[in-house]
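Quick notes on the structure that follows.
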Amino acid sequence: MSVPSLPLAPTLDTSAAVPLRHALLGLIERGEALRLDAAEVARVGQACLQVLVSARTTAIARGLDFRIDRPSEALERMMIVARLDTALEPTCGA
31 MSVPSLPLAP TLDTSAAVPL RHALLGLIER GEALRLDAAE VARVGQACLQ VLVSARTTAI
91 ARGLDFRIDR PSEALERMMI VARLDTALEP TCGA
């Protein structure tokens, strides 16, 4: 059975960090794998990158998968600039 992907917003700026955090925590609290579709991300800031890293860390601690599918060029570029590309690599739950 395929796990549905949560589409990320095109703009992941500071104002998007709190809603993103709540959405990801909701999935984690329900014990769901985090599959994020990042194809439409055009802008991303440090606050949302921190939310993504935190969600990945929490997912790992709870034995849940974390994956960013179809990362846009903008997201990939910002992850490299922020040196978070390896911190956001996919994981498989325990």
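Numbered according to my numbering, the sequence shown spans residues 31 to 124. From the three backbone atoms N, C-alpha and C, an ideal C-beta is built for every residue, glycine too. Quantities reported herein were computed from a predicted structural model and do not represent experimental measurements.
Please identify the residue among LEU94, VAL111, LEU82 whose C-alpha is closest to the C-alpha of LEU38.
LEU82
Excluding sequence positions up to five away, which residues of its chain have a Cβ less than 7 Å from the Cβ of PRO101?
Excluding sequence neighbours, PRO101 sits near ALA68.
Name the DSSP beta bridge partners of THR41, please?
ARG73.
Selection from THR44, LEU64, ALA46 that minimises the alpha carbon distance to THR87
LEU64
Spatial neighbours of VAL74 within its chain, please: C-beta separation below 7 Å, excluding the five flanking residues on both sides.
Excluding its 5 nearest sequence neighbours in each direction, VAL74 has C-beta neighbours in its own chain below 7 Å: LEU42, ALA104, LEU105, MET108, listed in chain order.
Report the rounded CA-to-CA distance for LEU54 versus ALA89, giving the unit in angstroms.
Those two C-alpha atoms are separated by around 9 Å.
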